[in-house]
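**Student:** Under my numbering, the residues of the sequence shown are numbered 1 to 178, in order. Built from N, CA and C at the ideal position, the CB exists for glycine as well.
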Amino acid sequence: MQLLKISFTLALTVSSSFTVIACKTRRTTVDVAEVPITPPPVATASAKAAAVRGTDESKATLLRVNDLTFPANPKAYDRIALTLSSSGEATQDIYDYTLGDTMDLVPGKTYSLIVQTFAGEVATYSNVTCKTSTEFVAKSGFNDLKMTLCAGAAPVSAVPSDPGTSVTTPEPIPLTTP
Numbered sequence: 001m002q003l004l005k006i007s008f009t010l011a012l013t014v015s016s017s018f019t020v021i022a023c024k025t026r027r028t029t030v031d032v033a034e035v036p037i038t039p040p041p042v043a044t045a046s047a048k049a050a051a052v053r054g055t056d057e058s059k060a061t062l063l064r065v066n067d068l069t070f071p072a073n074p075k076a077y078d079r080i081a082l083t084l085s086s087s088g089e090a091t092q093d094i095y096d097y098t099l100g101d102t103m104d105l106v107p108g109k110t111y112s113l114i115v116q117t118f119a120g121e122v123a124t125y126s127n128v129t130c131k132t133s134t135e136f137v138a139k140s141g142f143n144d145l146k147m148t149l150c151a152g153a154a155p156v157s158a159v160p161s162d163p164g165t166s167v168t169t170p171e172p173i174p175l176t177t178p
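#1: Alpha carbon to alpha carbon, how far is V122 from F142?
#2: Let me make sure I understand the geometry here. Which of L99, N127, S126 and K109 has the alpha-carbon closest to that of S87?
#3: Using only the alpha-carbon positions, how far apart do L99 and V35 sit?
#4: Run through DSSP, which three-state label would V137 get?
#5: Measure how close the beta-carbons of L145 and L63 come, nearest whole angstrom, since I'm counting them as under 8 Å.
#6: Tell me which residue opens and which closes the beta strand (DSSP E) that T91 is part of.
#7: Which residue marks the beginning of the beta strand (DSSP E) containing F118, and which one marks its end?
#8: State the start and end residues of the unbroken beta strand (DSSP E) segment that holds T69.
#9: Taking DSSP as the reference, what is the three-state secondary structure of N73?
#10: Which stretch, first to last residue, makes up the beta strand (DSSP E) that contains S126?
#11: What would DSSP say about T83, mapped onto helix, strand or coil?
Following this line, the structure appears as structure tokens:
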């Protein structure tokens, strides 16, 4: 914005009244130049949000347990434990699993999945006590599973323990002969 400065020169006449003799106008120069700001370009997607995935996620092989089926009149439970094992790999124990969480798999490998529910520290339901198989072959992409559970607990060796506690097995006692 430019400022306009006007100066008046006044003279005193004999009649004691003021009269304007001259009028000067001067424009001040602008010291600050305005630079237009251009906003960054807006990115738009041509596909639906569900179809847009990162390269790693779309090629990943993941296990996701979405639902559990119980017998009639099921007891309440407060936690789900999973044990995922495969030959040649370390067993993955999840003490407190949330339905819908994912776990990494290797496509084409056969896995054994043991699912148990607990009320406190008491096992209430398991898929080991059912007649259904606990094994599946991982396919590429998402492996969405709906597990059927039956009353009863899995063997102690199949139950993930609380990470805050340690489970130890006693050392074998060597046999001595007299």
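**Tutor:** If we stick to the structure as given:
#1: 31 Å
#2: K109
#3: 55 Å
#4: strand
#5: 7 Å
#6: Looking at the DSSP string, T91 is not in any beta strand (DSSP E), and its letter there is neither H nor E.
#7: T110 to A119
#8: T61 to T69
#9: coil
#10: V122 to S126
#11: strand
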